[in-house]
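Engineer: Residue numbers (our numbering), protein chains in the order written: chain A, 408 to 579; chain B, 408 to 579.
Every residue gets a Cβ at the ideal spot worked out from N, C-alpha and C, and that includes glycine.
Got a structure here, written out as C-alpha cells. Questions coming.
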DNA sequence: CCGTGTTTGTTCAAAATTCAAGAAGAGGGC
DNA sequence: GCCCTCTTCTTGAATTTTGAACAAACACGG
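Right, dumping it as C-alpha cells:
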C-alpha cells in the first residue's frame with residue numbers, strides 16, 4: 408500500500424551487505440578492475456589506444472557506411488557526449504576517424520571511420536579477442552557464460568539512463 | 408603433447424567470438440561501465456570522491472590500526488603504486504588520510520585513516536551500499552548472485568599479477 | 001664491508017575524464 | 001515571423017590516470 412514502506416531508500420537503519428554479498432561484491436570489483444586494466448594495457452601496447460577508444464572504432468565499423476552521429480555513438484558506447492568529443496578529437500588526430508557535417512541537421516556531426524582506422528582495427532582485433540577469450544571465456548563453463556550474459560543483461564538494463572525512473576513504478 | 412598445438416596465442420586464423428559470446432561480452436561491457444559510472448557519480452555527489460578513493464578508505468578502515476603500507480593498499484585495491492600515490496595525496500589534502508613513516512622500513516610509508524576519514528565513511532557508506540544493492544543484488548536471484556560470485560572469483564584469480572605465468576604451466 | 005640487484009614510493013609530463021558552461025540549430029506554439 | 005524550450009556538440013579548467021624515470025633503502029652474496 409505505502410511504497411515508502413517497502414523501499415526506505417537510505418534512511419534509518421542501513422541494510423548492510425551480508426558476508427556472502429560482500430564476497431560477491433569484492434570479487435566483482437576485483438575482476439572488473441583487473442580485466443579492464445588488462446585490456447587497456449593490451450590495447451595500448453598493440454593498438455596504441457585505450458579500450459574505450461577501441462570500442463568506438465568497433466562501433467563505427469559496425470554502423471552503416473562506417474559512420475554514426477556523435478550522440479548515437481555515445482549512447483552505443485555508454486559514455487557522455489563530452490567524453491566522446493574529446494575521444495573523437497584524439498582519434499581524429501591519430502587519423503583513424505574524421506568528422507563530417509550531418510546533412511539533415513546542421514548541429515550534427517558524423518564520426519566516420521577512416522581506412523586507416525579500419526586498418527588498425529583489423530590489425531589489432533585478433534589480439535584483443537584472444538585477450539578477452541583467455542581472460543574470460545576460456546575460464547568459464549558454458550553454463551557460467553550463459554549465466555554471466557543473463558546477469559549482465561539485467562544489470563545493464565537496470566542502469567540505462569532511459570530507465571531512470573524504473574524504481575518508481577507507480578509513476579509510470 | 409605439444410603445448411603450441413592447443414594454444415596458438417594470436418597468430419594465424421584468429422578465433423573470433425561466436426554470436427552468443429559477443430552478446431555476453433557486450434552485456435558485460437555495458438553493465439560494468441554503467442555500474443561504475445553510476446557509483447562514481449553517487450559517491451562524488453554524496454561523499455566528494457570517486458569510487459576508487461572510497462575503496463581506499465574502506466581498505467584502511469578494515470586494516471589493523473586503520474593503517475596500511477602503500478604497497479599493501481595498492482594490492483588490496485588492485486591499482487598501481489603510482490596511482491595510489493596520487494590518490495593518497497588527494498585524500499590527504501581532503502584530510503581523510505595522513506601519511507606516517509614506516510618504523511621497520513625507512514623506504515616505507517603508512518597510509519592512515521584519520522577520524523575525519525572515518526567520519527566521511529560512516530556518513531556515506533549507507534548510501535553507497537544502497538546503491539550497490541539497488542543496482543545489483545536486488546535485481547538478481549540468489550542463484551544468480553552465487554553464480555556471479557563464482558564467475559568473478561575465477562576471472563579475478565586468472566588476472567592476478569602474481570599468477571602472470573599461469574598460462575605457462577610447463578614453466579612452473 | 002662492498003657491490004649488485006630488488007623493492008618502495010614518489011615525481012613528472014602526457015593522456016584521459018569529468019563537470020559546468022556555452023554556442024548554434026531544431027522544433028513547436030502562437 | 002517570433003519566442004521559448006530542448007537538443008546537439010564543443011570547449012576549458014580541474015581532476016584523475018598512466019607510464020617512465022628516479023632516489024632511497026633494503027637484501028644478500030661474496
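Between residue 517 (chain A) and residue 476 (chain A), how many whole angstroms is the CB-CB distance? I'm expecting something under 8 Å.
Structural biologist: What you label residue 517 (chain A) is simply residue 110 of the first chain in a count that begins at 1. What you label residue 476 (chain A) is simply residue 69 of the first chain in a count that begins at 1. With 8 Å as the limit, residue 517 (chain A) and residue 476 (chain A) qualify as a contact, their Cβ atoms being about 6 Å apart.
Engineer: By DSSP's criteria, residue 516 (chain A) is part of a beta bridge. Which residues make up the other side?
Structural biologist: If you number the first chain from 1, residue 516 (chain A) lands on position 109. Residue 516 (chain A) is bridged to A:508.
Engineer: Contact between the region 442 to 454 of chain A and the region 491 to 500 of chain A is defined here as three or more beta-carbon pairs at a separation below 8 Å; is this criterion met?
Structural biologist: The region 442 to 454 of chain A, when compared against the region 491 to 500 of chain A, does not touch it at the 8 Å Cβ threshold.
Engineer: Does residue 435 (chain A) come within less than 8 Å of chain B when only Cβ atoms are used?
Structural biologist: The residue given as residue 435 (chain A) occupies position 28 in the first chain. Yes, because at least one Cβ of chain B sits closer than 8 Å to the Cβ of residue 435 (chain A).
Engineer: How should residue 523 (chain B) be labelled, buried or exposed, when 16 other C-beta atoms within 10 angstroms of its C-beta is the threshold for buried?
Structural biologist: Indexing the second chain from 1 puts residue 523 (chain B) at position 116. Classification of residue 523 (chain B): exposed, given that the 10 Å Cβ count is below 16.
Engineer: Which partner residues of residue 475 (chain A) appear in the DSSP bridge assignment?
Structural biologist: Along the first chain, read from residue 1 onward, the residue named residue 475 (chain A) stands at position 68. In DSSP, residue 475 (chain A) forms a bridge with A:518.
Engineer: With a cut-off of 8 Å, does the C-beta of residue 445 (chain B) fall near any C-beta of chain A?
Structural biologist: Position 38 of the second chain, counted from the start, is the residue given in the question as residue 445 (chain B). Yes - at least one Cβ of chain A is within 8 Å of the one on residue 445 (chain B).
Engineer: If I measure Cβ to Cβ from residue 481 (chain A) and keep anything under 6 Å in the same chain, skipping five residues before and after, which residues do I get?
Structural biologist: Looking up residue 481 (chain A) in the first chain gives position 74. Taken in chain order, the residues that qualify are 488, 491.
Engineer: Residues in the same chain with beta-carbon distance under 6 Å from residue 474 (chain A), minus the five sequence neighbours each way, listed in chain order, please.
Structural biologist: The residue labelled residue 474 (chain A) in the question sits at position 67 within the first chain. The residues are 517, 519.
Engineer: Does the Cβ-Cβ distance between residue 441 (chain B) and residue 424 (chain A) come in under 8 Å?
Structural biologist: Stepping through the second chain from its first residue, residue 441 (chain B) is reached at position 34. Stepping through the first chain from its first residue, residue 424 (chain A) is reached at position 17. Taking 8 Å as the Cβ cut-off, residue 441 (chain B) and residue 424 (chain A) do not qualify as a contacting pair.
Engineer: Would you kindly report the start and end of the unbroken alpha helix (DSSP H) that includes residue 494 (chain B)?
Structural biologist: Working through the second chain from its first residue, we reach residue 494 (chain B) at position 87. Taken as a continuous stretch (DSSP letters only), the alpha helix (DSSP H) holding residue 494 (chain B) covers 488 to 500.
Engineer: CB-CB under 7 Å to residue 443 (chain A), same chain, minus the five flanking residues each way: which ones, in chain order?
Structural biologist: Taking the first chain and counting its residues from 1, the one referred to as residue 443 (chain A) is at position 36. The answer, listed in chain order, is 458.
Engineer: On the CB-based measure, 16 or more other CB atoms within 10 Å of its CB, does residue 472 (chain A) come out buried or exposed?
Structural biologist: Within the first chain, residue 472 (chain A) is the residue found at index 65, counting from 1. Exposed.
Engineer: Judging by CA-CA distance, which residue of B:563, B:536, B:504, B:511 is the nearest neighbour of residue 525 (chain B)?
Structural biologist: Sequence index remark: in the second chain, residue 525 (chain B) carries index 118 (1-based). Closest by alpha carbon: B:504.
Engineer: Starting from residue 559 (chain A) and walking both ways along the alpha helix (DSSP H), at which residues does that stretch end?
Structural biologist: Indexing the first chain from 1 puts residue 559 (chain A) at position 152. Note, residue 559 (chain A): alpha helix (DSSP H), 549 to 566.
Engineer: Look at the alpha carbon of residue 433 (chain B) and the alpha carbon of residue 509 (chain B), and state the distance between them as a whole number of angstroms.
Structural biologist: Residue numbering aside, residue 433 (chain B) sits at position 26 when the second chain is read from its first letter. Residue numbering aside, residue 509 (chain B) sits at position 102 when the second chain is read from its first letter. In a straight line, the C-alpha of residue 433 (chain B) is about 45 Å away from that of residue 509 (chain B).
Engineer: How about residue 495 (chain B): is its C-beta nearer than 8 Å to some C-beta of chain A?
Structural biologist: Walking along the second chain from the start, residue 495 (chain B) turns up at place 88. Answer no: the Cβ-Cβ gap between residue 495 (chain B) and chain A never drops below 8 Å.
Engineer: Mapping DSSP to helix, strand and coil, what is residue 524 (chain A)?
Structural biologist: The sequence position of residue 524 (chain A) within the first chain is 117, counting from 1. Helix, per DSSP.
Engineer: Got a sec: which bits of the region 546 to 557 of chain A sit with their beta carbon under 9 Å from any beta carbon on chain B, in order along the chain?
Structural biologist: Listed by position, the residues of the region 546 to 557 of chain A near chain B (Cβ gap below 9 Å) are 546, 547, 550, 551, 552, 553, 554, 555, 556, 557.
Engineer: Using only the alpha-carbon positions, how far apart do residue 532 (chain B) and residue 502 (chain A) sit?
Structural biologist: One-based indexing of the second chain puts residue 532 (chain B) at position 125. One-based indexing of the first chain puts residue 502 (chain A) at position 95. Going from the Cα of residue 532 (chain B) to the Cα of residue 502 (chain A) covers about 45 Å.
Engineer: Quick one, are the C-beta atoms of residue 436 (chain A) and residue 562 (chain B) less than 8 Å apart?
Structural biologist: The residue you call residue 436 (chain A) lines up with position 29 of the first chain. The residue you call residue 562 (chain B) lines up with position 155 of the second chain. No, they are not a contact pair.
Engineer: Quick check on the burial criterion: 16 or more other C-beta atoms within 10 angstroms. Buried or exposed for residue 484 (chain B)?
Structural biologist: Residue 484 (chain B) sits at position 77 when you count from the first residue of the second chain. Buried: at least 16 other Cβ atoms inside 10 Å.
Engineer: With DSSP run on the structure shown, which of helix, strand or coil describes residue 388 (chain A)?
Structural biologist: There is simply no residue 388 (chain A) to check, as chain A begins at 408 and stops at 579 in what is shown.
Engineer: With a cut-off of 8 Å, does the C-beta of residue 540 (chain B) fall near any C-beta of chain A?
Structural biologist: Residue 540 (chain B) sits at position 133 when you count from the first residue of the second chain. Taking Cβ atoms only, chain A reaches closer than 8 Å to residue 540 (chain B), which makes this a yes.
Engineer: Closest to residue 559 (chain B) by C-alpha separation, out of A:560, A:564, A:546, would be which residue?
Structural biologist: Counting from 1 along the second chain, the entry for residue 559 (chain B) is found at position 152. Per the Cα distances, A:546.
Engineer: Can residue 481 (chain B) be considered in contact with the ligand NAP, in the sense that its beta carbon sits closer than 7 Å to one or more heavy atoms?
Structural biologist: For the structure depicted, the ligand NAP is absent and the ligand set is empty, with no information on it obtainable.
Engineer: For residue 478 (chain A), count neighbouring Cβ atoms within 10 angstroms of its own Cβ and tell me buried if that reaches 16, exposed if not.
Structural biologist: Position 71 of the first chain holds residue 478 (chain A). The residue is exposed, with fewer than 16 neighbouring Cβ atoms inside 10 Å.
Engineer: Could you check whether residue 454 (chain B) and residue 536 (chain B) sit closer than 8 Å to each other, using their CB atoms as the reference points?
Structural biologist: As a working mapping, residue 536 (chain B) is identified with position 129 in the second chain. As a working mapping, residue 454 (chain B) is identified with position 47 in the second chain. No. Outside cutoff.
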